[in-house]
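Below: the structure, in structure tokens.
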Amino acid sequence: MNGNIWGLLPVFIFMMAMLAVSIYLRNAAAKKSSGNFLNEYFTGSRSLGGFVLAMTTVATYSSVSSFVGGPGQAWDIGFGWIYMSVVQVTALFLVLGILGKKMAIVSRKIDAVTVIDVIRHRYQSDLLANLSAIIIVLFFSATMVAQFVGGAKLFEAVTGYSYVVGLVVFGLVVVIYTAVGGFRGVAVTDALCAIAMLVGMFILLVGILQAGGGYEAIMEQITVRRPELLEPLSGGNMPYTLYISQWMLVGIFTVGLPQSVVRCITYKDTKSLHRAIIIGTVVIGAMNIGMNFIGVLSQGILTEDLAAYGNSVDNIMPLAIVRSLSPLVAGITIIGPIAASISTISSLLLTATSSIIKDVYMYEKEKRQQKISEKKTSMLSQLCTLVLGLIIFFISINPPDVIWKINMFAFGGLETAFFWVFILGMFWKKANKTGAIWAMAGGTVVYCLTMLMGIKIMEIHQILIGIVVSLLCMIIGSYVGKDVDKETLGIYFCE
Amino acid sequence: MKLKEKYWQIKKEAGACVAALLVLIVFWAIAGFGVSHLNITVCHTPLWAITGCIGTWIFSIIMVVWMVKKVFKDFDLEDEDEKHER
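So the sequence lines, in the order shown, correspond to chains U and A. Under my numbering, the first sequence has 9 at position 9, and the numbering climbs by one with no breaks. Under my numbering, the second sequence has 1047 at position 47, and the numbering climbs by one with no breaks.
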């Protein structure tokens, strides 16, 4: 192993700080405990303020690919890639603005702790709830593995330590702090992660500008060597259909992602929500423009063809970091992408746990009228988080091919499964159990199949097919099936 | 505010978000693809990249701030009708 200790140390210290914050928050919450463990553990007792709500939503949403794969593409495609990624400024105001208040009011009325609680109640269907839990656990697990692998690979490439060392340094710690801290811990560490991402981004920007001989020199060089990078269509590498696909995939339909929607039931009051929409829009825009701009500027230091860099755009950012920064500064900078990866993992892990413990296990127990003590609930929830986290961790050491396949389907699959179920559930009275089950199952199956077989309509990403099929299923099913009873609907709609 | 009024307000806010999305798509298309036809370069950077990326970002912030101040309203997330009944 030829690792440089200065490369390892900053990440290690950062992870220890995350752990300390989580333990502190847990103790502070235990002192003024309201006695409702589940509410505290899975929603932080609905107490998030605007800043933390904004940051945790952005951090969960920004993954390791926002820092590695994305900017790597920007290096290859040019300004078109930034132009495409800026559509993500819509993500925050859409999910919080459309679903935020309704979900908040409803979850308080029916005492919901998870998004599946809301889905089960709105559609009065255990089958739908179980289906949601399966989809969430399956897709989230694959996404978490991908985040672990992405973070550890970057760590290996930048610090020189092995992949497994990287995985242990940040992977084990994120599992432990999520299990210990619950949602409150996840939210606050997410906020700190978002700040670390911005700091890492800023350092890297300065480093690359210096290493490339200044902005002017880099841009002149691009103009001569790769003029197509200055065009929106990037000489055909960035067609209109790709823009349209990305608008749907990373813009509009992100409203349906359960890991974002769950944040709607955790904030304190409408003032917090309003602040979060503004802060979140500022931060997510800065991050997307900033990181992808850095990707384009990396042309100034990585001047050869992609073949010279292992034929993978994923290698671009690690190389750019190593070639432009000293080991210690590089070590500090990679806290950014590592933070992006762990903040996504922590939220997904907790939501997946809540699906298993709250939505499946505890619900079944309650149905059989078996009481579970507060103490047992607490132990089970934390144990489940720990065990699921460790399983994901061990899979990440040597992930089988099937995980990559599932991961490829995860983002769009989650959107297809949940978009209409949430949107129409909250805003269309007629939406019922039959429609929702058809929409979730039909949409997801069709999406995954068309992805698998590479079937596209007008060269646009399969998310289009998935969403349209899901919508049709929802509408037809809702007219075919029985309406939800008046009493239940009374909670979601007023006459 | 009564629950009925809150739900009506929520519908209005959701509608505003959808409208904001449509306006942003139009702005984005004009600021990027539209401006790219002008072939102007500012400080070694194509103008469309500045207006399409940073412009869209700033425009979205202005729009969101306007929306939050003018359309969105503050109210209690607990159901006040229910509280009175108790």
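Ideal placement from N, C-alpha and C gives every residue a C-beta, glycine not left out. Bear in mind that the values here come from a model prediction, so they are computed numbers and not experimental data.
Exercise. For L1077(A), which residues from the same chain have a beta carbon less than 7 Å from its beta carbon, with the 5 sequence-adjacent residues on both sides left out?
Worked result: none
Problem set entry | 8 Å Cβ cutoff, V387(U) in contact with chain A | no
For this session: Pick out the complete alpha helix (DSSP H) segments inside the segment 263-339 of chain U, 4 residues or longer, and give them in chain order.
Result: 270-297, 316-324 and 327-333
Exercise. Does K1004(A) come within less than 8 Å of chain U when only Cβ atoms are used?
Worked result: yes
Problem set entry | Through-space distance from T223(U) to L383(U), alpha-carbon basis | 56 Å
For this session: Report the rounded CA-to-CA distance for N36(U) versus T377(U), giving the unit in angstroms.
Result: 10 Å
Exercise. Using a Cβ-Cβ distance under 8 Å, would H121(U) count as near chain A?
Worked result: no
Exercise. Of the residues G150(U), G100(U), S22(U) and M84(U), which one's Cα is nearest the Cα of G69(U)?
Worked result: G150(U)
Exercise. Looking only at DSSP bridge pairs, what is V1042(A) linked to?
Worked result: T1045(A)
Problem set entry | Range covered by the alpha helix (DSSP H) that runs through R26(U) | I5 to K31
Exercise. At what residues does the alpha helix (DSSP H) containing M248(U) begin and finish?
Worked result: Here M248(U) belongs to no alpha helix (DSSP H), and DSSP marks it neither H nor E.
Problem set entry | Where the alpha helix (DSSP H) through Q221(U) begins and ends | Y215 to R225
For this session: For I534(U), count neighbouring C-beta atoms within 10 Å of its own C-beta (all shown protein chains included) and say buried if the count is 16 or more, exposed if not.
Result: Nothing can be reported for residue 534(U): it is not among the residues displayed for chain U, which extend from 1 to 495.
Exercise. Less than 8 Å separating the beta-carbons of A436(U) and V421(U)?
Worked result: yes
For this session: Measure from the C-beta of F1072(A) to each C-beta in chain U and report whether the shortest distance is under 8 Å.
Result: yes
For this session: With a floor of 4 residues, list each alpha helix (DSSP H) that falls wholly inside the segment 37-61 of chain U, ordered by position along the chain.
Result: 37-43 and 50-61
Exercise. Alpha carbon to alpha carbon, what distance is there between C494(U) and V58(U)?
Worked result: 33 Å
Problem set entry | Within chain A, the residues that V87(U) reaches when beta carbons sit closer than 9 Å | L1024, I1025, W1028 and T1056
Problem set entry | Straight-line gap, I294(U) to L204(U) (C-alpha atoms, nearest Å) | 8 Å
For this session: Identify, in the order they occur along the chain, each residue of the same chain with its Cβ nearer than 6 Å to the Cβ of S45(U), setting aside the five sequence neighbours on each side.
Result: N39
Exercise. Count the other CB atoms within 10 Å of the CB of C1053(A); is the residue buried (16 or more) or exposed (fewer)?
Worked result: buried
Exercise. Can you find a CB in chain A that lies within less than 8 Å of the CB of F79(U)?
Worked result: yes
Problem set entry | Of the residues A431(U), T56(U), G7(U) and C448(U), the one placed nearest S347(U), counting alpha carbons only | T56(U)
Problem set entry | Distance, K101(U) Cα to I1010(A) Cα | 7 Å
Exercise. On the three-state DSSP scale, how would you describe I372(U)?
Worked result: coil
Exercise. Would the segment 256-273 of chain U and the segment 413-432 of chain U be scored as touching if the rule is three or more Cβ pairs under 8 Å?
Worked result: yes
Exercise. Residue range of the alpha helix (DSSP H) that D485(U) falls in?
Worked result: No alpha helix (DSSP H) holds D485(U); DSSP gives it neither H nor E.
Problem set entry | Under 8 Å by beta carbon: chain A residues contacting V206(U) | Residues of chain A passing the Cβ test: none, with the nearest at roughly 18 Å.
For this session: Tell me, please, which residues DSSP counts as bridged to I457(U).
Result: I460(U)
For this session: Kindly indicate the opening and closing residues of the alpha helix (DSSP H) around E228(U).
Result: Per DSSP, E228(U) belongs to no alpha helix (DSSP H) and is neither H nor E.
Exercise. Can you find at least 3 beta carbon pairs, one from the segment 383-400 of chain U and one from the segment 353-373 of chain U, that sit closer than 8 Å?
Worked result: yes
Exercise. When DSSP labels each residue in this structure, what does A211(U) get in the three-state scheme?
Worked result: helix
Exercise. Between K1012(A) and chain U, is there a C-beta pair that is closer than 8 Å?
Worked result: no
Exercise. Can you give the beta carbon distance from G7(U) to V165(U), rounded, assuming they're within the 8 Å contact cut?
Worked result: Their Cβ separation, rounded to whole angstroms, is 11 Å, which puts G7(U) and V165(U) out of contact at 8 Å.
Problem set entry | E1078(A) at chain U interface by Cβ criterion, 8 Å | yes
For this session: Name, going along the chain, the residues of the segment 248-274 of chain U whose beta-carbon falls closer than 9 Å to a beta-carbon of chain A.
Result: G251, I252, Y267, K268, D269, T270, K271, L273 and H274
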